[in-house]
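Protein chains: 2
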Amino acid sequence: MVTLADVAQHAGVSASTVSYVLSGKRSISATTRERVERSIEQLGYHPNAGARALASSRSNIIALMVPLRTDMYVPVMMEIAIAVATTARTFGYDVLLLTGEEGPSDVRRIEGSALADAMILMDVELHDDRLPLLREARRPAVLIGLPADTTGLSCVDLDFAAAGALCAEHLAGLGHREIAVIGEAPGVYERLTGFAERTLSGLRERSGELGLRLLHRPCEGSYAAVSATVGRIFDERPGTTAFVVQNEAATDPLLALLRQHRRAVPEDVSVVAICPDQVAVHASVPLTSVAVPAQEMGRHAVEQVVAKLAGRGTDEVVLIKPELTVRESAGPRAVPGDPL
Amino acid sequence: MVTLADVAQHAGVSASTVSYVLSGKRSISATTRERVERSIEQLGYHPNAGARALASSRSNIIALMVPLRTDMYVPVMMEIAIAVATTARTFGYDVLLLTGEEGPSDVRRIEGSALADAMILMDVELHDDRLPLLREARRPAVLIGLPADTTGLSCVDLDFAAAGALCAEHLAGLGHREIAVIGEAPGVYERLTGFAERTLSGLRERSGELGLRLLHRPCEGSYAAVSATVGRIFDERPGTTAFVVQNEAATDPLLALLRQHRRAVPEDVSVVAICPDQVAVHASVPLTSVAVPAQEMGRHAVEQVVAKLAGRGTDEVVLIKPELTVRESAGPRAVPGDPL
DNA sequence: CTGAAAGCGCTAACAT
DNA sequence: ATGTTAGCGCTTTCAG
Numbered sequence: 000m001v002t003l004a005d006v007a008q009h010a011g012v013s014a015s016t017v018s019y020v021l022s023g024k025r026s027i028s029a030t031t032r033e034r035v036e037r038s039i040e041q042l043g044y045h046p047n048a049g050a051r052a053l054a055s056s057r058s059n060i061i062a063l064m065v066p067l068r069t070d071m072y073v074p075v076m077m078e079i080a081i082a083v084a085t086t087a088r089t090f091g092y093d094v095l096l097l098t099g100e101e102g103p104s105d106v107r108r109i110e111g112s113a114l115a116d117a118m119i120l121m122d123v124e125l126h127d128d129r130l131p132l133l134r135e136a137r138r139p140a141v142l143i144g145l146p147a148d149t150t151g152l153s154c155v156d157l158d159f160a161a162a163g164a165l166c167a168e169h170l171a172g173l174g175h176r177e178i179a180v181i182g183e184a185p186g187v188y189e190r191l192t193g194f195a196e197r198t199l200s201g202l203r204e205r206s207g208e209l210g211l212r213l214l215h216r217p218c219e220g221s222y223a224a225v226s227a228t229v230g231r232i233f234d235e236r237p238g239t240t241a242f243v244v245q246n247e248a249a250t251d252p253l254l255a256l257l258r259q260h261r262r263a264v265p266e267d268v269s270v271v272a273i274c275p276d277q278v279a280v281h282a283s284v285p286l287t288s289v290a291v292p293a294q295e296m297g298r299h300a301v302e303q304v305v306a307k308l309a310g311r312g313t314d315e316v317v318l319i320k321p322e323l324t325v326r327e328s329a330g331p332r333a334v335p336g337d338p339l
Numbered sequence: 000m001v002t003l004a005d006v007a008q009h010a011g012v013s014a015s016t017v018s019y020v021l022s023g024k025r026s027i028s029a030t031t032r033e034r035v036e037r038s039i040e041q042l043g044y045h046p047n048a049g050a051r052a053l054a055s056s057r058s059n060i061i062a063l064m065v066p067l068r069t070d071m072y073v074p075v076m077m078e079i080a081i082a083v084a085t086t087a088r089t090f091g092y093d094v095l096l097l098t099g100e101e102g103p104s105d106v107r108r109i110e111g112s113a114l115a116d117a118m119i120l121m122d123v124e125l126h127d128d129r130l131p132l133l134r135e136a137r138r139p140a141v142l143i144g145l146p147a148d149t150t151g152l153s154c155v156d157l158d159f160a161a162a163g164a165l166c167a168e169h170l171a172g173l174g175h176r177e178i179a180v181i182g183e184a185p186g187v188y189e190r191l192t193g194f195a196e197r198t199l200s201g202l203r204e205r206s207g208e209l210g211l212r213l214l215h216r217p218c219e220g221s222y223a224a225v226s227a228t229v230g231r232i233f234d235e236r237p238g239t240t241a242f243v244v245q246n247e248a249a250t251d252p253l254l255a256l257l258r259q260h261r262r263a264v265p266e267d268v269s270v271v272a273i274c275p276d277q278v279a280v281h282a283s284v285p286l287t288s289v290a291v292p293a294q295e296m297g298r299h300a301v302e303q304v305v306a307k308l309a310g311r312g313t314d315e316v317v318l319i320k321p322e323l324t325v326r327e328s329a330g331p332r333a334v335p336g337d338p339l
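Structure below.
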């Protein structure tokens, strides 16, 4: 194993010089720097992570807690996780993957062992156990998601309320008056993750302003569940001409069912989705959608964490502005008695 | 920050005693053990990870390299990653998430910095750059997937050839004679990940033995691509009565298209999928399928890694035996002229 | 601009 | 069964 001392000897300088070449924390003459760098190269030196962490009390590791329940919008989770990992490397950090299974004690463990310099938490619940601990912690934390009380915490999330409003506006602009919302599975609402409710309230508020009638139904992602929900919606509100879907798993079944019901999309019914772009693009009818910007969220989270670790940066709630992409699933409302 | 010395003082013992209580590497009298444990509890002590790694040259971290391309069978990846993380914790290890973006140099970095004690690599290509490095490495590595040359390497994977054979057998047993295989996207074959080819060869071999006619078409996951592929298959082989799908994204489009073509599943056409159970269960017709046992693969990989780290365990290729679950998408071949 | 040296908190001989 | 102590490899004062 090659150590700093080996490099120092090989380059004919002292250990501290090598260390400073590496950290750039004091000025080094061009010649020594080059000599040291050559030695590092030649010997294939890599600083020992443990020693470095011990001496500097910085591990250069960011802990990422992902939700254990593997049932829900898994692709987004993975996308965020990967975005976090790649962005972190960009700043010289590695990422530790925690499942949050151990709950608050996991936070304590990381904090106590100094395994990570900071934490990023995904899919935080409105009243999460871990929040009090995070507020007390000496190490910075950033949440992806928005808890009920954000004081003393940094958060990054899509502005779901604005996303809801955007959907309402888009459909109103196309002349629609009766809209049905197919939401996340009931479990999501029960877990109080918040984002589903925020979407809904944005949707409701703007619908009110625009004079739209709204019907909301939570719905499991299975084909059967979507089928039942859609049937019910058409029974209760036969005049429904547009759907807003916020449930990755339900989009494909919804499109299939509309086809089965002999409703053309977008001629007879319009559909606007809130989902990752990938899902929207691959659907049987490319979906007009508001994207859940997974990559951007991961990147933002890391940037905030790094800023805090550098002393800059404060507690901050970043709500990413939603953008609606027009594809092929939403069009003008069919005017009764006007068969085109 | 609470240190080992603090605990020692509080408990009235020496530092080494505390260390040994923690590691169990030498016998401690019940009374001192209890005293020490109480002190640890009271002070909320957590061993410093860096110091421990430095002194013991073991970080208790396993590096997991996941593929960066976020386009392919992402849900399985996430499931494996989570299984790895939870299983690892079970053995006292944490998991470092690497994207493999940096390729071989990432392996060198981890190896050189002693950041992790071992590595697990997912989605390894047949002739992966990183394999030579892994063979030379002092630290154990386990692959999830099967490269061309496995000498000096431990691997865990589903026995895809057997999975292919199993599909052929099941369909043959139901009386089918002409089978079409909808495969992964062409890119997957080009990347030479191997598993798709292995499935195909198992499928071909057993089909030969059982006298089945086989048609194979790689296929993108988009609705349009599946549509084109299915159309082509029915043109070229109108007698096709069964499909084998190995492409998560294609299953739903396939079912929708068959419906559109007025072919009932399973009465007119049978479908057998090779995909995670979750996908099979949630499809519009619950799919008879061979599961990709993500959890089991993750668990096995960690167990092998831990065994190697403990000195037990050798290089070994574990091929998990596939299991076919009968659901509702495959049935007896419709006999022409027998309208039931 | 560079060196020397004192730890960082823990483990693992080596003692007893 | 327990204590003493010498490092592990690096960062960072303190000196020059």
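For the record, the sequence lines run as chains A and B. For the first sequence, position 86 matches number 85 in numbering that gives the first Met the number 0, and the numbering has no gaps at all. For the second sequence, position 311 matches number 310 in numbering that gives the first Met the number 0, and the numbering has no gaps at all. Backbone N, C-alpha and C define an ideal beta-carbon position, used for all residues, glycine too. Note that the coordinates shown come from a computational prediction; the quantities given were computed from them, not determined experimentally.
request  = For the segment 36 to 51 of chain B, enumerate the residues whose C-beta is nearer than 8 Å to any C-beta of chain A, in chain order.
outcome  = 43, 44, 45, 46, 47, 48, 49, 50, 51
message = By the three-class DSSP mapping on this structure, what secondary structure does residue 227 of chain A have?
response = Reading the first sequence from its first residue, position 228 is the one you call residue 227 of chain A. Of the three classes helix, strand and coil, the one that applies to residue 227 of chain A here is helix, per DSSP.
ask   = Are residue 76 of chain B and residue 97 of chain B touching if we call contact CB-CB under 7 Å?
value = Here residue 76 of chain B corresponds to residue number 77 of the second sequence, with the count starting at 1. Here residue 97 of chain B corresponds to residue number 98 of the second sequence, with the count starting at 1. No; because the gap between Cβ atoms is not below 7 Å, this pair is not in contact.
task = Count the CB pairs spanning the segment 108 to 122 of chain B and the segment 264 to 279 of chain B that are closer than 8 Å, and state whether there are at least three.
result = Contact between the segment 108 to 122 of chain B and the segment 264 to 279 of chain B is not established, with fewer than three Cβ pairs separated by less than 8 Å.
Cutoff 7 Å; reference residue 201 of chain B; Cβ partners in own chain excluding five residues on either side = Sequence index remark: in the second sequence, residue 201 of chain B carries index 202 (1-based). If we look at residue 201 of chain B and ignore the five residues flanking it on each side, its Cβ neighbours are 159, 160, 161, 162, 163, 164.
ask   = When you compare only the Cα positions, how much space is there between residue 251 of chain A and residue 309 of chain A?
value = If you number the first sequence from 1, residue 251 of chain A lands on position 252. If you number the first sequence from 1, residue 309 of chain A lands on position 310. Inter-residue distance for residue 251 of chain A and residue 309 of chain A is about 45 Å (C-alpha atoms, whole angstroms).
task = Report the residue from A/279, A/231, A/301 whose alpha carbon sits nearest the alpha carbon of residue 222 of chain B.
result = Position 223 of the second sequence, counted from the start, is the residue given in the question as residue 222 of chain B. Looking at the Cα atoms, A/279 is the closest of the given residues.
request  = Assign residue 136 of chain A to one of three DSSP states: helix, strand, or coil.
outcome  = Taking the first residue of the first sequence as 1, we reach residue 136 of chain A at position 137. Here residue 136 of chain A sits in coil by DSSP.
key: Chain-ordered chain A contacts of residue 100 of chain B [CB-CB under 8 Å]   = The sequence position of residue 100 of chain B within the second sequence is 101, counting from 1. The answer, in chain order, is 85, 88.
ask   = Can you find a heavy atom of the ligand GDP that lies under 6 Å from the Cβ of residue 34 of chain B?
value = In terms of ligand content, the structure shown is empty, and the ligand GDP therefore cannot be addressed.
message = My assumption, with CB atoms under 8 Å, is that residue 405 of chain A sits in contact with residue 14 of chain A. Please give the rounded CB distance.
response = With chain A running from 0 to 339 in the structure shown, residue 405 of chain A is simply not present.
query = What does DSSP give as the partner residues of residue 269 of chain A in its beta bridges?
reply = The residue labelled residue 269 of chain A in the question sits at position 270 within the first sequence. Answer is A/241, bridged to residue 269 of chain A.
ask   = Residues in the segment 245 to 256 of chain A with C-beta within 7 Å of chain B's C-beta atoms, listed in sequence order?
value = 248, 251, 252, 255
task = Using 10 angstroms around the beta-carbon of residue 325 of chain B, count the other beta-carbons present and answer buried if the total reaches 16, otherwise exposed.
result = Here the question's residue 325 of chain B lines up with position 326 in the second sequence. It counts as exposed.
N-terminal and C-terminal residue of the beta strand (DSSP E) that residue 287 of chain B is part of = Your numbering for residue 287 of chain B matches position 288 in the second sequence. Residue 287 of chain B -> beta strand (DSSP E) spans 287 to 290.
ask   = At a Cβ threshold of 7 Å, is residue 74 of chain B touching chain A?
value = On the second sequence, residue 74 of chain B is found 75 positions in, with the first residue counted as 1. Judged by the 7 Å Cβ criterion, residue 74 of chain B is in contact with chain A.
request  = At 8 Å on the CB atoms, spell out the chain A contacts of residue 216 of chain B, in chain order.
outcome  = Here residue 216 of chain B refers to the residue found at position 217 of the second sequence. Per Cβ cutoff of 8 Å: no residues; residue 216 of chain B is ~18 Å from chain A at best.
query = Among residues of its own chain, excluding the 5 on either side of residue 39 of chain B, which ones have a beta-carbon nearer than 7 Å to its beta-carbon?
reply = For the purposes of this step, residue 39 of chain B is taken as residue 40 along the second sequence, with counting starting at 1. Closer than 7 Å at the Cβ level, and outside the excluded window around residue 39 of chain B, lie 6.
query = Among residues of its own chain, excluding the 5 on either side of residue 210 of chain A, which ones have a beta-carbon nearer than 7 Å to its beta-carbon?
reply = Here residue 210 of chain A is taken as the residue at index 211 of the first sequence, counted from 1. Cβ contact annotation for residue 210 of chain A (same chain, cutoff 7 Å, sequence separation greater than five): none.
task = Quick one: grab the DSSP three-state call for residue 27 of chain B.
result = Taking the first residue of the second sequence as 1, we reach residue 27 of chain B at position 28. Three-state DSSP puts residue 27 of chain B in coil, outside helix and strand.
Delimiting residues of the alpha helix (DSSP H) encompassing residue 54 of chain B = Numbered from its first residue, the second sequence carries residue 54 of chain B at position 55. First-last of the alpha helix (DSSP H) with residue 54 of chain B: 48 to 55.
task = With a threshold of 16 other CB atoms inside 10 Å of the CB of residue 148 of chain A, please say whether the residue is buried or exposed.
result = In the first sequence, the residue the question calls residue 148 of chain A occupies position 149. Residue 148 of chain A is exposed by the Cβ-count criterion.
request  = For chain B, find out if any of its Cβ atoms is closer than 7 Å to the Cβ of residue 222 of chain A; answer yes or no.
outcome  = As a working note, residue 222 of chain A is residue 223 in the first sequence. With 7 Å as the cut-off, residue 222 of chain A counts as an interface residue toward chain B.
inquiry  = Along the segment 106 to 117 of chain B, where does the CB come closer than 7 Å to a CB of chain A? Name the residues.
reply    = 108, 111, 112, 113, 114
key: Collapsed DSSP secondary structure at residue 309 of chain B in the structure displayed   = Taking the first residue of the second sequence as 1, we reach residue 309 of chain B at position 310. Here residue 309 of chain B sits in coil by DSSP.
request  = Just the C-alpha distance for residue 234 of chain A and residue 181 of chain B, rounded to the nearest angstrom, thanks.
outcome  = On the first sequence, residue 234 of chain A is found 235 positions in, with the first residue counted as 1. On the second sequence, residue 181 of chain B is found 182 positions in, with the first residue counted as 1. Those two C-alpha atoms are separated by around 38 Å.
task = Give the DSSP bridge partners of residue 148 of chain A, in chain order.
result = Residue 148 of chain A sits at position 149 when you count from the first residue of the first sequence. Paired residue(s): none; residue 148 of chain A is not in a bridge.
key: residue 231 of chain A versus residue 327 of chain A - alpha carbon distance   = For the purposes of this step, residue 231 of chain A is identified with residue 232 of the first sequence, where counting begins at 1. For the purposes of this step, residue 327 of chain A is identified with residue 328 of the first sequence, where counting begins at 1. Between residue 231 of chain A and residue 327 of chain A, the C-alpha separation is close to 25 Å.
query = Where does residue 324 of chain A sit, in a helix, a strand or coil, going by DSSP?
reply = Position 325 of the first sequence, counting from 1, holds the residue named residue 324 of chain A. Reduced to three states, the DSSP call for residue 324 of chain A is strand.
request  = Using the Cα positions of residue 339 of chain B and residue 142 of chain A, report the straight-line distance between them to the nearest angstrom.
outcome  = Translated into the one-based positions of the second sequence, residue 339 of chain B becomes position 340. Translated into the one-based positions of the first sequence, residue 142 of chain A becomes position 143. In this predicted model, residue 339 of chain B has a pLDDT of only 47, less than 50, meaning its place in the structure is not dependable enough to derive any value.
query = By DSSP, does residue 68 of chain A sit in helix, in strand, or in coil?
reply = Taking the first sequence and counting its residues from 1, the one referred to as residue 68 of chain A is at position 69. In the structure shown, residue 68 of chain A falls within a coil segment according to DSSP collapsed to helix, strand and coil.
inquiry  = Is there a Cβ of chain B sitting closer than 7 Å to that of residue 93 of chain A, yes or no?
reply    = If you number the first sequence from 1, residue 93 of chain A lands on position 94. Yes, its Cβ sits closer than 7 Å to a Cβ of chain B.
task = Answer with yes or no whether the minimum CB distance from residue 385 of chain A to chain B is below 7 Å.
result = Since the first residue shown for chain A is 0 and the last is 339, residue 385 of chain A is missing from the structure and cannot be characterised.
task = Could you have a look at residue 156 of chain B and say whether DSSP puts it in helix, strand or coil?
result = Stepping through the second sequence from its first residue, residue 156 of chain B is reached at position 157. In the three-state scheme derived from DSSP, where H, G and I count as helix and E and B as strand, residue 156 of chain B is classed as strand.
key: Residue of B/249, B/332, B/166, B/174 minimising C-alpha distance to residue 283 of chain A   = What you label residue 283 of chain A is simply residue 284 of the first sequence in a count that begins at 1. When only C-alpha atoms are compared, the closest one is B/249.
task = Compare the C-alpha of residue 330 of chain A against each of A/174, A/312, A/203, A/290 and name the closest.
result = Walking along the first sequence from the start, residue 330 of chain A turns up at place 331. The shortest C-alpha separation from residue 330 of chain A is found at A/174.
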